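**Q** With the UniProt record's numbering, letter number 28 in the sequence shown gets 28, and the count goes up by one each step, no holes.
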Amino acid sequence: MTATPHPLPTQGLAPTHEQLCRHLRHTQRVAERAMALGHHPFGAILVGPDQETVLMEQCNIDTVNHAESTLARMAATNFTPAYLWSCTLYTNVEPCCMCAGTAYWANIGRVVFGMTEHALLQCTGNHGENPTMSVPARYVFDHCQKPMALIGPVPELAAEIAAQQQRFWSSR
Numbered sequence: 001m002t003a004t005p006h007p008l009p010t011q012g013l014a015p016t017h018e019q020l021c022r023h024l025r026h027t028q029r030v031a032e033r034a035m036a037l038g039h040h041p042f043g044a045i046l047v048g049p050d051q052e053t054v055l056m057e058q059c060n061i062d063t064v065n066h067a068e069s070t071l072a073r074m075a076a077t078n079f080t081p082a083y084l085w086s087c088t089l090y091t092n093v094e095p096c097c098m099c100a101g102t103a104y105w106a107n108i109g110r111v112v113f114g115m116t117e118h119a120l121l122q123c124t125g126n127h128g129e130n131p132t133m134s135v136p137a138r139y140v141f142d143h144c145q146k147p148m149a150l151i152g153p154v155p156e157l158a159a160e161i162a163a164q165q166q167r168f169w170s171s172r
């Protein structure tokens, strides 16, 4: 006997291209705050189902408490799974497998990123503080039981994000 999957609520409004760019630029400002605090330049925000309301923002903390996973854990303790399924997590760089998995388990239905993890590796090189993993978020989401929406990279912002990353990593 095959179990019938539970129906999922609607994933909220699809973001417009203008919203994608505006929210990704917001993640860049959060990443700037991370750098000002002495952390790596990664930022994430959680946007409500209306694709306008920023519910939370989080900068990177350390190599275990990434911006996306920390935000997803906080979101899971503050919102219902049904509500989070209709929200969108925006992040300047493609989530690593840990962060993609945490977004999945938090039940955040959509993830948007500006620059790929592969492009990040080009910015960081073989830097000991950021041993980039070659596991795309798409690979993680393709192996989930729920249909996670993933949007990215966003080409017109990739160079802007890469410049921020290169500026940071070249000074380390």
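All C-beta atoms, glycine included, are put in the ideal place defined by N, C-alpha and C. Predicted, not measured: the structure shown is a model, and the values here were computed from it.
Of all the options Ala72, Glu18, Gln19 and His40, which has the alpha carbon lying nearest to the alpha carbon of Ser171?
**A** Counted from its first residue, the sequence shown places residue 171 at position 171. Among Ala72, Glu18, Gln19 and His40, the Cα nearest to that of Ser171 belongs to His40.
**Q** Per DSSP, what kind of secondary structure is Thr80 in: helix, strand or coil?
**A** Counting from one through the sequence shown, the residue named residue 80 turns up at place 80. Coil at Thr80, not helix or strand.
**Q** What beta strand (DSSP E) runs, 3 residues minimum, are completely inside the UniProt domain "CMP/dCMP-type deaminase" (18 to 124)?
**A** If you keep only unbroken beta strand (DSSP E) runs of at least 3 residues inside the UniProt domain "CMP/dCMP-type deaminase" (18 to 124), you get 43 to 47, 54 to 59, 88 to 93 and 110 to 115.
**Q** For Ile161, which beta-bridge partners are listed by DSSP?
**A** Within the sequence shown, numbered from 1, the residue matching residue 161 stands at position 161. According to DSSP, Ile161 bridges with nothing at all.
**Q** Since Leu150 sits in a beta bridge, which residues does DSSP pair it with?
**A** Translated into positions along the sequence shown, residue 150 becomes position 150. Its beta-bridge partners are Val111.
**Q** Quick check on the burial criterion: 16 or more other C-beta atoms within 10 angstroms. Buried or exposed for Arg167?
**A** Position 167 of the sequence shown holds residue 167. Classification for Arg167: exposed.
**Q** Please report the residue range of the alpha helix (DSSP H) in which Ala137 lies.
**A** In the sequence shown, the residue the question calls residue 137 occupies position 137. Ala137 -> alpha helix (DSSP H) spans Ala137 to Asp142.
**Q** Smallest Cα separation from Trp85: which of Ala163, Gln165, Ala31 and Lys146?
**A** Position 85 of the sequence shown holds residue 85. When only C-alpha atoms are compared, the closest one is Lys146.
**Q** Just verifying my parser: in three-state terms, what is the DSSP assignment at Gln166?
**A** Within the sequence shown, residue 166 is the residue found at index 166, counting from 1. In this structure, Gln166 counts as helix in the three-state DSSP scheme.
**Q** Compare the beta carbon distance of Pro136 and Glu94 with 8 angstroms and say whether it is the shorter of the two.
**A** Here residue 136 is taken as the residue at index 136 of the sequence shown, counted from 1. Here residue 94 is taken as the residue at index 94 of the sequence shown, counted from 1. Contact: yes.
**Q** Applying the 10 Å Cβ sphere with the 16-neighbour rule, what's the burial state of Gln58?
**A** On the sequence shown, position 58 is the one that residue 58 refers to. It is buried - the Cβ of Gln58 has at least 16 other Cβ atoms within 10 Å.
**Q** Cα separation between Ala14 and Ala163?
**A** The residue you call residue 14 lines up with position 14 of the sequence shown. The residue you call residue 163 lines up with position 163 of the sequence shown. Ala14 and Ala163: Cα-Cα distance of roughly 28 angstroms.
**Q** On a CA-only basis, which of Ala36, Leu24, Glu18 and Thr63 is nearest Gly128? Give me that one, please.
**A** To locate residue 128, count along the sequence shown from 1; it is residue 128. Out of Ala36, Leu24, Glu18 and Thr63, Thr63 has the C-alpha closest to the C-alpha of Gly128.
**Q** Taking all protein chains shown into account, decide if Gln165 is buried (16 or more other Cβ within 10 angstroms of its Cβ) or exposed.
**A** On the sequence shown, residue 165 is found 165 positions in, with the first residue counted as 1. Gln165 is buried by the Cβ-count criterion.
**Q** Beta-carbon within less than 6 angstroms of Ala31's beta-carbon, same chain only, minus the 5 sequence neighbours each way: which residues are those?
**A** Along the sequence shown, one-based indexing puts residue 31 at 31. Contacts found: Pro41, Phe42, Gly43 and Asn92.
**Q** Between residue 182 and the rest of its own chain, which residues show a CB-CB distance below 7 angstroms, the 5 nearest in sequence each way excluded?
**A** Only positions 1 to 172 of the chain appear in this structure, which leaves residue 182 out of reach.
**Q** Spell out a yes or no on whether the stretch 68 to 86 and the stretch 98 to 109 are touching, meaning 3 or more CB-CB pairs, one atom from each, closer than 8 angstroms.
**A** yes
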